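Participant: Quick note: the sequence shown, position 91, residue 149 per this note's numbering, numbers continuous. Note that the Cβ used here is the ideal one computed from N, Cα and C, for glycine as well. Please read all numbers here as calculations on a predicted model, not as lab measurements.
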Amino acid sequence: MKNKFDLIMAMSEDGYFAIDDLDNMQWTGGVDKTIFKVLSFYDNPTILCGPKTFESLPLPLQGRRVMVVRSSNKKSSYYHSAAAFAEEINFAKLKKAKHLNRSAIVGGPKLALAAIEAKLIKQAYITVIPKKLKTGIGWELSDFLKTRSHTKLKFRNDIELRKYGLQ
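Okay, structure coming up:
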């Protein structure tokens, strides 16, 4: 059976998912952090992310396991002390890894788009932050999402959580 994952990410109002490859996501603010905790802690205790996203996570993530998804079988040795917080898995093995049935992909945008194209995402939760980054990465993913219907939930009248069904 093929795994299906949730996708949890934050996007600026002008369609960027990060400022650059090593973005620390401080621009998203506290409400986004709370939404991320709720969506990942209660329903998706395993977090799947690319190596650059892993580098920016505030580790450890209480109650959640982190797995770094790589496009190749090459293992990394540069995590230093953070290596204790993550396992690694090859992207091709995501489809059938039985221990990942309650997992969420959290980025980066290239990993998210690859997972969508491989039909591995059941639903995407995108928090839209009312900030214009004017530059950054991930516009390909935001262009894809523009063509999909979604439901919205507003927080504090300025932050929007969008839920896309992608099955």
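Taking C-alpha atoms, which residue in 118, 125, 100, 210 lies nearest to residue 165?
Facilitator: Looking at the Cα atoms, 125 is the closest of the given residues.
Participant: I'd like the list of long-range same chain contacts for residue 138, defined as Cβ closer than 8 Å, with 5 residues on each side in sequence excluded.
Facilitator: With a pLDDT of 46 at residue 138, under the threshold of 50, the modelled position of that residue is not reliable, and no figure is offered here.
Participant: Just tell me which of 78, 91, 97, 190 has its CA closest to the CA of residue 113.
Facilitator: Minimum Cα distance to residue 113 is reached at 78.
Participant: Just to check my reading of the structure: residue 187 and residue 224 have Cβ atoms closer than 8 Å, yes? What is that Cβ distance to the nearest angstrom?
Facilitator: Actually they do not touch by this definition, with Cβ atoms about 21 Å apart.
Participant: What do you reckon, are the CB atoms on residue 108 and residue 169 nearer than 7 Å?
Facilitator: A contact, by the Cβ cut-off of 7 Å.
Participant: Once the 5 residues before and after residue 153 are set aside, which same chain residues still bring their CB inside 8 Å of it?
Facilitator: The answer, listed in chain order, is 60, 61, 176, 178.
Participant: Classify residue 182 as buried or exposed, calling it buried when 16 or more other Cβ atoms lie within 10 Å of its own Cβ.
Facilitator: That one is buried.
Participant: Which of the three DSSP states is assigned to residue 113 in this structure?
Facilitator: Helix at residue 113.
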